[in-house]
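For reference, the structure is listed below as C-alpha cells.
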Amino acid sequence: MTAATGVAARTDRRPVAGGVRDRRTGATFISWGGMNEDSYVQAFRDGTWSAPLKIIDGRGDSHNYPTMLQADDGHLVVVVGMHNGETVVARSPRPHAIDGAWNVQVVAEGAAASYPMPFKAANGHLFVFFRETTRTLVPSTPTDTRPMLYIRSTDHGVTWQSSKQLTGLPYALGSTDRPDNLNEIYVGQLRYQRRPERVHLVWTLAGGGPTQHRHDYYHKDIHYAWFDPNALTFHAADGTDLGPQLANDEMEGPCKVAVTPLERPGDVVSPDYIQLVGWLENGRPFVVWFTRDASLGFHDFSSVWTPRGWQTSQVATGLRTREMEPIGPHTWRVYTTVDGQPGIATHRLEHGRRWEAETVIPIPKPVQRIELITGFRDPARILATGASSAREVTVADGDVYVAGVA
C-alpha cells in the first residue's frame, strides 16, 4: 500500500519504532518525516489511510525524525531528538487516535540528544535511548565524545527522568578517554524482547582516530549487550551482569562481537551506521551488519553468540540490510535493498548463519528506510520510506509505503 505519495524527505532514522498497531481498536499508526523533516502521523482503519497530520516541526535537519510508541493509557507518543539539541515528545490529544492538536513538550532531561530509540517495558514504563552530544552542554568537550543515555517515563510519557538522575552516572553506554578518540557510539538498532524481558542493543564506535578529534570520521568494531529495564542494568551475551553503565572496559571486553580495521574504504565509514539485532529460541543473540570495500561494495555478515564465543560469517554481498523479524524459532526474515534500485528483497536467515533468498516486494521506487511495525497485523507489517530525490530536506518527494504478507 502507498500510505502517502510524494511527501517524504531524506531521513536518518534507525530501524526502531516507526509505527504501532493498537490492539484495542485494530488501527495501525505510523510516523515519518516530511519536508524540513517535520513529523507526520497517519492511521490505517478499515482498509483506509487517514490524511497525513503534521505534529512537530523538524527544523530542517534529516536527523530530526519521529519515532512512535503507544502508552498503556492508549495515547500515542512520538519522540524526536532534535539533532544535538533537545528531546521533543508529543502525546496524542486522546487515546487510540491521532486527530486533533497534540500536546508537544521539550523534555529537559533529554538534552543534547540525537537518534531517539524508544520502547515500552512490560510494566508500561516508557524508555528512550538517545545519544548525547556532550559538546552542546560543555563546549570544551571534544566533538567526538558522544555517549548514550536514556530517559524514562512512569506516567505514560507525561514526565520523564534521565539515566543520570536514575543511576547517578554521567552516561549509560560510552567512553570519554580512548587514545584513538573513538568515543562516539552509533547504536544501529535497539530491539525489545518481552519473554524473557530484555532490550538488545548493537553498536559500532566512531570518532576522529588517534591523531585528531573529528566527528564520525572512522567507524570500528561491532558490540552487543542487553539491557534490563527493571533493574536498569546491562548484560553481556552470556548473561554476565555488567551493571548500570557500559564503559570502555566492557566494550573492549565482554561486549566485543567483531573487530574491524580502522580505515575509510573508498573514503567512507565502515562498518555502516545500521546494524540489526535478534535472538534464537535458545536465547542466544545474533547481530547482522555490513561493511564496505574500496570500490564501495557491501559485504554482509552475521555474528552469533555460541558457547565458544561470537562466531562471524559472511552471508551475502551487495545488500543494505535494513530490518528483520522473527518468523520461526531459529529463523528471521531480513529485509534488504540495493542502492538506487526499486524493490525490497527478503531473505531467510536460519540459526543466524544460513542465508536464503525469499521474495521481492515490488516497490516502484528506491527505499531509504524500513521499520517493523510494533505489534503488526497484516497487511500493515513494515513501514518503508521511499527515497527523496535530494539529500536536502527542503525536498520531500519520496513515497511512504506499508507492506504485509498476503
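If you use my numbering, the sequence shown corresponds to residues 846 to 1251, in order.
All residues carry an ideal CB built from backbone N, CA and C; glycine is no exception.
Nothing here was measured: the structure is a model prediction, and the numbers come from that model.
Hey, residue i and residue j are a contact pair by Cβ (cut 8 Å); roughly how many whole angstroms apart?
i       : j       : result
Ser1158 : Arg1198 : 6 Å
Val1113 : Arg1137 : 6 Å
Pro963  : Val924  : 5 Å
Gly863  : Ile875  : 6 Å
Ala958  : Val1238 : In fact, because the Cβ distance is near 18 Å, the residues do not count as touching under 8 Å.
Thr1049 : His1064 : 5 Å
His1058 : Asn1093 : Actually they do not touch by this definition, with Cβ atoms about 17 Å apart.
Ala953  : Arg1039 : Between Arg1039 and Ala953 the Cβ distance is about 31 Å, and since that is not below 8 Å, they are no contact.
Asp989  : Gly1053 : 5 Å
Pro1209 : Pro1187 : 6 Å
Alpha helix (DSSP H) containing residue i: first to last residue?
i       : result
Asn1093 : 1093 to 1097
Gln1010 : 1008 to 1012
Would you mind stating whether residue i and residue j have Cβ atoms separated by less than 8 Å?
i       : j       : result
Gln1120 : Val1047 : yes
Arg997  : Glu977  : no
Leu1107 : Cys1100 : no
Gly955  : Trp1005 : yes
Val1102 : Tyr1069 : yes
Gly1185 : Thr1162 : no
Arg936  : Val922  : yes
Asp1244 : Ala942  : no
Ile1218 : Thr873  : yes
Val1132 : Ile1067 : yes
His928  : Asp902  : no
Tyr1246 : Met846  : yes
Thr870  : Gly930  : no
Thr932  : Val973  : yes
Tell me the DSSP secondary structure of residue i in three-state form.
i       : result
Pro963  : strand
Gln1120 : coil
Thr986  : coil
Asp1073 : strand
Ala953  : helix
Met846  : coil
Asp891  : coil
Pro1110 : helix
Arg1199 : strand
Thr1078 : strand
Asn881  : helix
Thr981  : helix
Tyr910  : coil
Ser1115 : coil
Tyr1062 : coil
Ile1189 : strand
Ala853  : strand
Gly1033 : strand
Ile1227 : strand
Arg1129 : coil
His941  : coil
Thr1056 : coil
Thr1204 : strand
Skipping 5 residues on each side, what residues in its chain have a beta carbon closer than 6 Å to that of residue i?
i       : result
Gly969  : Asp917
Tyr910  : Thr856, Arg858, Gly878
Thr999  : His970
Phe1146 : Trp1134, Thr1157, Gln1159
Ser1007 : Glu954, Ile996
His1196 : His1175
Arg1036 : His1045, Val1122
To which residues of the same chain is residue i closer than 7 Å at the C-beta, ignoring the five residues directly before and after it?
i       : result
Val1250 : Asp1223, Arg1226
Arg939  : Gly945
Tyr1180 : Arg1167, Glu1168, Met1169, Ile1189, Thr1191, Ile1215, Ile1227
Arg1023 : Asn1093
What span of residues does the beta strand (DSSP E) with residue i cover, start to end?
i       : result
Ser1148 : 1143 to 1151
Ser1140 : No beta strand (DSSP E) contains Ser1140, which DSSP labels as neither H nor E.
Thr1181 : 1176 to 1182
Val1212 : 1212 to 1222
Ser1233 : Note, Ser1233: premise wrong, no beta strand (DSSP E); not H, not E.
Met993  : 993 to 998
Leu1027 : Run containing Leu1027: none; DSSP gives neither H nor E here.
Ala1161 : 1154 to 1162
Asp1242 : 1241 to 1248
Met1169 : 1165 to 1173
His1045 : 1043 to 1052
Leu898  : 898 to 901
Leu1018 : No beta strand (DSSP E) contains Leu1018, which DSSP labels as neither H nor E.
Gly926  : 921 to 926
Thr932  : 932 to 936
Leu798  : Summary: the structure shown does not reach residue 798, with the chain confined to residues 846 through 1251, and so no result is reported for it.
Arg866  : 864 to 866
Ala946  : Run containing Ala946: none; DSSP gives neither H nor E here.
Val1102 : 1101 to 1103
Short of 8 Å in beta carbon distance, which residues of its chain neighbour residue i, apart from the five on each side in sequence? Order them along the chain.
i       : result
Thr1078 : Phe1072, Asp1086, Leu1087, Gly1088, Pro1089
Can you determine whether any heavy atom of the ligand ADP sits closer than 7 Å to the C-beta of residue i, and answer yes or no?
i       : result
Val1003 : As far as ligands go, the structure on display features none, and thus does not contain the ligand ADP.
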